[in-house]
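**Student:**
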Amino acid sequence: MKSSNHRHDLIRGWSASGDLFASVLAGMLIGLGLDAVFGTSPAFVVVFIVVAAIGGFLRMYGESEELEEHAREAIRIRDGV
């Protein structure tokens, strides 16, 4: 059971990391497309990468908070508190 929970937590962590990467990549592609349409240089790329990175980090932070709470709950159950 312990190994299964640990594996599940690792998968959730890697999933959040993948979400961050995908968010930044999507932001870059959207920014490149808008820069091409409007003829601006790196303006939209910079804006969308920053927005995507902030969103991705917030998602990772929320996921880490959930994992931490899950670990605390497992310790409480183990200790019978």
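In the working numbering, the protein residues as written are 6 to 86. Heads up, the beta-carbon is just placed ideally off N, CA and C, and yes, glycines get one too.
Assuming residue 28 and residue 57 make a contact with CB atoms under 8 Å, what is their CB distance in whole Å?
**Tutor:** With 8 Å as the limit, residue 28 and residue 57 qualify as a contact, their Cβ atoms being about 4 Å apart.
**Student:** Thinking C-beta only, is residue 63 closer than 9 Å to residue 14?
**Tutor:** Their beta carbons are not under 9 Å apart, which means residue 14 does not touch residue 63 by this criterion.
**Student:** What separation, rounded to the nearest whole angstrom, lies between the Cα atoms of residue 6 and residue 67?
**Tutor:** Model confidence at residue 6 stands at a pLDDT of 49, short of 50, so the residue's coordinates are unreliable and nothing is read from them.
**Student:** By Cβ distance, which residues of its chain are closer than 7 Å to residue 50, with the 5 residues on each side in sequence left out?
**Tutor:** Around residue 50: 33, 36, 37, 40.
**Student:** Drop a sphere of 10 angstroms on the beta-carbon of residue 89, count the other beta-carbons inside from all chains shown, and report buried for 16 or more, exposed for fewer.
**Tutor:** For residue 89 there is no data in the structure shown, the boundaries of the chain being 6 and 86.
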